[in-house]
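Trainee: Numbering (this note's numbering), first residue to last: 38 to 208. Backbone N, C-alpha and C fix where the C-beta goes; we use that ideal spot for every residue, glycine too. Computed from a predicted model, the values in this text were never measured in an experiment. First, the structure itself, so that you have it in front of you.
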Amino acid sequence: MTDTGFLPRILCHICHFIDGAMGQDGAVTPSPAVVQPDRDLLEEILDELDIEHTTDTEGDLTISTAHLTIYFLFGGEGDMFTVRALYVRQYSVDDKRMLLTALNEWNADTMWPKVYTFTQDNGLMRVVGDSQIYVGAGVTREHLTTMVAHWVRFSIKFYRWLTDRLAFEAD
38 MTDTGFLPRI LCHICHFIDG AMGQDGAVTP SPAVVQPDRD LLEEILDELD
88 IEHTTDTEGD LTISTAHLTI YFLFGGEGDM FTVRALYVRQ YSVDDKRMLL
138 TALNEWNADT MWPKVYTFTQ DNGLMRVVGD SQIYVGAGVT REHLTTMVAH
188 WVRFSIKFYR WLTDRLAFEA D
């Protein structure tokens with residue numbers, strides 16, 4: 038787990054990257070090369086974004102905080118790239134109606150991540166957020182970097198939104 042300043046620091050680095058990427062002068066440049074994303078490239082991108090990352094016991098690249106773990110996953114054929122956020126907080130079945138109402142609201146209003154519940158063997162529910170893209174034909178490095186930055190940012194933003202939303206429901 039990391040310190041409490043980790044989430045704001047990630048958001049600061051991501052916003053700095055996004056601002057820099059959008060500050061181009063519009064000059065015509067050659068088309069960027071298409072790359073096939075892999076773990077090594079993702080590690081380079083996370084390093085460039087100054088986001089601390091690690092490898093879990095299954096060999097997946099992750100970002101871990103006290104509130105969520107973000108996994109960077111490739112489909113079996115390498116044609117799908119998924120950023121999956123697993124949120125730490127657990128919910129009882131009694132909370133399902135309130136939780137699903139909130140998740141449906143987020144999914145209707147926001148592009149990523151698409152969020153859903155997962156019921157564990159112990160009967161408690163956890164929230165999962167997925168952002169996916171087909172990368173079988175390749176993608177530009179800039180596009181991949183932008184997607185990773187946005188998807189990590191919105192995974193964190195969702196956590197904050199859900200915390201506020203459920204606190205409002207409880208009042």
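1. Could you tell me whether the Cβ atoms of V72 and V176 are closer together than 8 angstroms?
2. Does the beta-carbon of V172 have 16 or more other beta-carbons within 10 angstroms, so that it is buried, or is it exposed?
3. According to DSSP, simplified to helix, strand and coil, what is R202?
4. Under three-state DSSP, which class holds I88?
5. Let me make sure I understand the geometry here. Which of A204, V185, P45, L44 has the alpha-carbon closest to that of R237?
6. Report yes if the C-beta of D93 is less than 7 angstroms from at least one heavy atom of the ligand MN; otherwise report no.
7. Measure from the alpha carbon of S129 to the alpha carbon of each residue in G112, G113, L181, Q157, then state which is nearest.
8. Between P74 and chain B, is there a C-beta pair that is closer than 8 angstroms?
9. Based on Cα-Cα distance, which residue from L110, G112, T91, G96 lies nearest to T102?
10. Going by DSSP in three states, M162 sits in which element: helix, strand or coil?
11. Based on Cα-Cα distance, which residue from R178, T94, L137 lies nearest to M162?
12. Using CA coordinates, which residue listed in R126, E80, M135, E95 is at the minimum distance from E89?
13. Nearest-angstrom Cα distance between M38 and P67?
14. Per the DSSP calculation, H157 is bridged to which residue(s)?
Mentor: Concretely, from the data shown:
1. Here residue 72 refers to the residue found at position 35 of the sequence shown. Here residue 176 refers to the residue found at position 139 of the sequence shown. In this structure, V72 lies near V176, with their beta-carbon atoms less than 8 angstroms apart.
2. To locate residue 172, count along the sequence shown from 1; it is residue 135. V172 comes out buried.
3. One-based indexing of the sequence shown puts residue 202 at position 165. Residue state, collapsed to three classes: helix.
4. Numbered from 1 along the sequence shown, position 51 holds the residue referred to as residue 88. Note: I88 maps to coil in three-state DSSP.
5. Not covered by the structure: residue 237. The range shown for the chain is 38 to 208.
6. Of ligands this structure carries none, so the ligand MN is not represented either.
7. Here residue 129 refers to the residue found at position 92 of the sequence shown. Taking only the C-alpha atoms, the option nearest S129 is Q157.
8. Among the chains in the structure shown there is no chain B, since it carries only a single protein chain.
9. The residue you call residue 102 lines up with position 65 of the sequence shown. Of the candidates L110, G112, T91, G96, the residue whose Cα lies closest to the Cα of T102 is T91.
10. Along the sequence shown, one-based indexing puts residue 162 at 125. Per DSSP, reduced to three states, the secondary structure at M162 is strand.
11. If you number the sequence shown from 1, residue 162 lands on position 125. Sorting R178, T94, L137 by C-alpha distance to the C-alpha of M162 places L137 at the top.
12. Translated into the one-based positions of the sequence shown, residue 89 becomes position 52. Nearest to E89 by C-alpha distance, out of R126, E80, M135, E95, is E80.
13. As a first step, residue 38 must be located in the sequence shown, where it is residue number 1. As a first step, residue 67 must be located in the sequence shown, where it is residue number 30. Because M38 carries a pLDDT of 48, less than 50, the predicted location of this residue cannot be relied on, and the following value inherits that uncertainty. Cα-Cα distance, rounded: 42 angstroms.
14. Taking the sequence shown and counting its residues from 1, the one referred to as residue 157 is at position 120. According to the sequence provided, residue 157 is Gln. The question's His does not apply to it. Paired residues: none, contrary to the question.
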